[in-house]
Structure formats: structure tokens, C-alpha cells
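Top line first, the protein sequences correspond to chains A and B. The opening residue of the first sequence carries number 859 in this note's numbering; numbering runs sequentially from there. The opening residue of the second sequence carries number 94 in this note's numbering; numbering runs sequentially from there. The C-beta atom is built at its ideal place from N, Cα and C for all residues, glycine as well.
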Amino acid sequence: SQKIEQNSEALNIQEGKTATLTCNYTNYSPAYLQWYRQDPGRGPVFLLLIRENEKEKRKERLKVTFDTTLKQSLFHITASQPADSATYLCALGSTGRRALTFGSGTRLQVQP
Amino acid sequence: GAVVSQHPSWVICKSGTSVKIECRSLDFQATTMFWYRQFPKQSLMLMATSNEGSKATYEQGVEKDKFLINHASLTLSTLTVTSAHPEDSSFYICSATPASGLDNEQFFGPGTRLTVL
């Protein structure tokens, strides 16, 4: 069955450092992958989308890589700030199916 | 742009009652809306896909008679939890896909916290 794995343990880093979150998947051939931010008690907020034929995407302090051979995406936040503290979800999508399949998320805590 | 609202943001009800949750796209028309459920520290699980003017498509294991979905207009979908029980307590989140947007654009509502006593 399809499986998306994100590190369930919280990631704690110091302000100013780069945070790197991992999303691995099995039994899936996604057409694209998305990263979302979710704050407690709130809905997910879209951050970045990367397609299967793209290796890397950047947006301000955010960078996403997508390796379809390793079946893995890495999500980087550079110069992290305490305001970046949240849970980050990866979600996979297929062509012809608009619904997304989500990972369980990784909680990031940036210490001042 | 692309704002999705949900109402109510939280609701507490007695076991056996029905609860209706609304999902609205405020500044765009949504041909498709999705309903997800999220338990604490878990992933968002897709419950059903709601298409305007047609019956919803439910995911395996989701009871369509218990979770009634109506998508009567391009800006409104409703989820009714019928005869709610404590195990239905969860965070319900909707998302919407613009009629004129890319296939993979989804905008999420803020969620509705349901607590069944």
C-alpha cells in the first residue's frame, strides 16, 4: 500500500540555522509533491509545489528537492526563525486525481 | 485571493445528534471540494471528494450514510455528521480547487473541531 513517511520526532534547531525535513514515500509514483505548513488547530497552508520532472524549487528562504529515484523530497528552511516553528506536511498528488495524500508531518521548533 | 472558510470553527454536541459543517470558497468558484479528517498528531485523511452538482465520491471505509456531503453550488459544500458518536470527534478540514485554476491547486479551510460528548 502507498506510504508516506515523515520523521515523527520533532526537529529542534537554533535560530539562524538551516532546517531540513524529509519526506519519503513507497508504492507511489507521484506527478507532483507539495509542502504545507500547519499551525496548531489550523488548516494547512500551501508553501511549495514541485513536479516529478523538477529537481529543485526555491521560494525565498525555502527550498525543496525531489528525487524520484530515491523516492524522497527534502524541504529546507534557511536562516530559520522562531516564527517558522510549526508542523510541516508533505503531500503527494497524481495526474487525474486531485485529492492529495498527506504524510503525518514533522514538527519544527526553532529556538531563539 | 483564494480564501476558503469553514463554519463553525468548533462545535460540541451530544452523542446521537447531527452536526453540519460548511465549507465556502469566498473569492473563487470551486468545482471540486475535498473533506479531510485529522486526528491528533496524525495525517490528514481524505474522507470524500465533493463535485458540484453530483454525488460525492467517498474513500474506502468512510460511511456515506453517516457523513452526508452536499455540494449544491460552486462556492459551498456541506458535511453533515449524522448521529455523531464520541469516536467521530476530530478536526475536519475542507479544501477547494478553483474552477479556473491548475489541476493541483488546493486551498484549505481553517478546519472545524468537532467534540462529541
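Three-state secondary structure (DSSP) at residue 897 (chain A)? By one-based count along the first sequence, residue 897 (chain A) stands at place 39. Coil.
Do the segment 867-887 of chain A and the segment 936-953 of chain A make contact, defined as three or more Cβ pairs closer than 8 Å? In short, these stretches touch, since the Cβ pair count reaches three.
Output needed for residue 96 (chain B): all residues of its chain with C-beta closer than 8 Å, excluding positions within five of it in sequence on either side, in chain order. Looking up residue 96 (chain B) in the second sequence gives position 3. Only 118, 119, 120 and 200 meet the Cβ criterion.
For a minimum of 4 consecutive residues, which ranges assigned as the alpha helix (DSSP H) are wholly contained in the segment 906-954 of chain A? The qualifying runs do not exist here; there are none.
Going by C-alpha distance, which of B:124, B:161, B:110 and B:157 is nearest residue 177 (chain B)? Stepping through the second sequence from its first residue, residue 177 (chain B) is reached at position 84. Per the Cα distances, B:110.
By the three-class DSSP mapping on this structure, what secondary structure does residue 180 (chain B) have? By 1-based counting over the second sequence, the position of residue 180 (chain B) is 87. Helix, per DSSP.
Any Cβ of chain B within less than 9 Å of the Cβ of residue 923 (chain A)? As a first step, residue 923 (chain A) is located in the first sequence; it is residue number 65 there, counting from the start. For residue 923 (chain A), the answer is no, since every Cβ of chain B falls outside 9 Å of its Cβ.
Would you mind telling me which residues of chain A sit closer than 7 Å to residue 203 (chain B), beta carbon to beta carbon, in chain order? Position 110 of the second sequence, counted from the first residue, corresponds to residue 203 (chain B). The answer, in chain order, is 900 and 901.
Return the chain-ordered list of same chain residues with a C-beta closer than 7 Å to the C-beta of residue 943 (chain A), the five sequence neighbours on each side being excluded. Locating residue 943 (chain A) in the first sequence gives position 85, where the first residue counts as 1. Hits under 7 Å: 966, 967 and 968.
Is the shortest distance between the beta-carbon of residue 944 (chain A) and the beta-carbons of chain B less than 9 Å? Reading the first sequence from its first residue, position 86 is the one you call residue 944 (chain A). It does not; no Cβ of chain B falls within 9 Å.
Quick test of your reading: residue 128 (chain B) and residue 172 (chain B), contact by CB under 8 Å. State the CB separation rounded to the nearest angstrom. Taking the second sequence and counting its residues from 1, one reaches residue 128 (chain B) at position 35. Taking the second sequence and counting its residues from 1, one reaches residue 172 (chain B) at position 79. That pair is a contact at about 5 Å.
First and last residue of the beta strand (DSSP E) that includes residue 122 (chain B)? In the second sequence, residue 122 (chain B) corresponds to position 29, counting from 1. Element bounds for residue 122 (chain B): n/a, residue is neither H nor E.
List, in chain order, every chain A residue whose beta-carbon is nearer than 8 Å to that of residue 135 (chain B). Walking along the second sequence from the start, residue 135 (chain B) turns up at place 42. At a beta-carbon threshold of 8 Å, the residues of chain A lying near residue 135 (chain B) are 962, ordered along the chain.
Positions along the segment 163-175 of chain B whose CB lies within less than 7 Å of some CB in chain A: Going along the segment 163-175 of chain B in chain order, one finds no residue with a Cβ nearer than 7 Å to chain A.
Mind checking which residues open and close the beta strand (DSSP E) that includes residue 210 (chain B)? Taking the first residue of the second sequence as 1, we reach residue 210 (chain B) at position 117. Run containing residue 210 (chain B): none; DSSP gives neither H nor E here.
Listed from N- to C-terminal order along the chain, which residues in the segment 878-900 of chain A have their beta-carbon within a distance smaller than 9 Å of any beta-carbon of chain B? Listed in sequence order: 889, 890, 892, 894, 896, 899 and 900.
In whole angstroms, give me the CA-to-CA distance for residue 100 (chain B) and residue 902 (chain A). Here the question's residue 100 (chain B) lines up with position 7 in the second sequence. Here the question's residue 902 (chain A) lines up with position 44 in the first sequence. When rounded, the distance between both Cα atoms is 16 Å.
Give the residues from the segment 124-156 of chain B that approach chain A closer than 7 Å (Cβ to any Cβ), ordered along the chain. Taking 7 Å as the Cβ-Cβ cut-off against chain A, the residues of the segment 124-156 of chain B that qualify are 125, 127, 135, 136, 137, 139 and 142.
Go through its chain and collect everything with a Cβ distance to residue 211 (chain B)'s Cβ below 6 Å, but skip five positions before and after it. Shown here, chain B extends from 94 to 210; a query on residue 211 (chain B) therefore has no answer.
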